[in-house]
């Protein structure tokens with residue numbers, strides 16, 4: 006099972022610790038907001054808005070090196086656009102892993 | 229070369245800005261989380277290149293491109309691979325970067341700009357393309373699309389214009405002159421200093437007024453001849 010990592014951020018930052026800290030800061034600030042938006046739209050059953058939220062979260066999924074999860078998120082986004090919640094649990098488990106990882110950074 | 233970045237995600241803007249910082253001849257003038265704010269900026273500032281996200285709330289990157297007149301070079305940045313074909317239907321789109329962007333892929337996109345003519349002195353304005361059938365108005369920070377055909381009358385009232393369509397009325401902070409320049413002349417005619425009408429919506433003309441829907445619109449003497457010229461009289 007894949008786990009969140011900072012490989013992409015490390016590759017982007019190189020020796021630039023200041024930039025790395027900036028990206029992690031943004032991640033810690035932006036991820037919870039995007040996750041909140043996702044659940045808020047889900048609660049209202051606004052599935053196209055939920056799909057938008059998933060789309061936005063996909064970038065964070067890939068930034069945290071979750072290659073397989075990215076495809077799950079993409080498929081879930083497509084499902085939502087077709088009014089289906091298939092893969093909801095899988096995607097929400099990914100979110101949980103990401104949040105637990107980011108909170109420890 | 230100068231550029232702006234438009235992406236509702238802060239992380240994406242930060243990563244792009246960092247890549248761009250490696251190029252001494254590209255200056256980031258500004259970055260925007262909202263395409264609407266970017267349009268306001270483009271109305272005042274010439275820009276050579278836009279890094280543009282496709283998926284933004286209520287307003288896609290493609291909507292954005294269609295809204296601005298003479299768009300400069302655009303590099304699309306998106307998490308979605310599915311729009312590549314649509315993207316290259318737009319002449320202004322130079323490349324299509326899929327997130328997460330790598331430095332080598334970013335470099336290739338910049339290299340594509342070499343040899344392209346930069347439209348640096350052309351200010352980009354909120355506008356309608358002459359070929360399009362609609363225009364956008366800014367209402368409470370939302371850009372609302374209005375089909376030309378649906379507009380009945382546009383009336384100037386102080387610093388605002390009232391746009392009356394078949395289904396709804398809108399109040400926009402603008403001038404009659406500004407909107408007149410953007411309207412197709414084959415459909416619209418200024419009949420009075422405060423009124424532009426859709427001539428296809430005229431029900432009848434009587435003396436110095438026209439009836440459109442339930443509104444009686446005054447026609448000034450100087451515009452009457454042009455109005456009569458434009459309609460098909462038996």
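Residue numbers (the numbering used here), protein chains in the order written: chain A, 6 to 110; chain B, 229 to 462. Using N, Cα and C, we set each Cβ at its ideal position, and we do this for glycine too.
The bridge partners DSSP lists for residue 231/B are 256/B and 277/B. Just measuring C-alpha positions, the residue of 7/A, 64/A, 23/A and 59/A sitting nearest residue 43/A is 59/A. For residue 381/B against residue 440/B, the beta-carbon gap comes to about 6 angstroms, under 8 angstroms, which counts as contact. For the 8 angstroms CB-CB criterion, residue 305/B and residue 327/B form a contact. In this structure residue 17/A does not touch residue 107/A by the C-beta definition: roughly 16 angstroms separates them, more than the 8 angstroms allowed.
Fully contained in the region 61-92 of chain A are the following alpha helix (DSSP H) runs of length 4 or more, in chain order: 72-86. For residue 67/A, the neighbours in chain B by C-beta distance under 9 angstroms run, in chain order, 307, 327 and 328. Taken in chain order, the complete alpha helix (DSSP H) segments of 4 or more residues contained in the region 380-428 of chain B are 404-410. For residue 106/A, there are no neighbours in chain B by C-beta distance under 9 angstroms, as the nearest C-beta there is about 15 angstroms away. For residue 24/A, the neighbours in chain B by C-beta distance under 7 angstroms run, in chain order, 246. By the CB criterion at 8 angstroms, residue 426/B and residue 367/B fall outside the cutoff.
The beta-carbon separation of residue 376/B and residue 335/B, rounded to 43 angstroms, does not stay under the 8 angstroms limit for a contact. Residues of the same chain with a CB within less than 6 angstroms of the CB of residue 62/A, apart from the 5 flanking positions on each side, are 39 in chain order.
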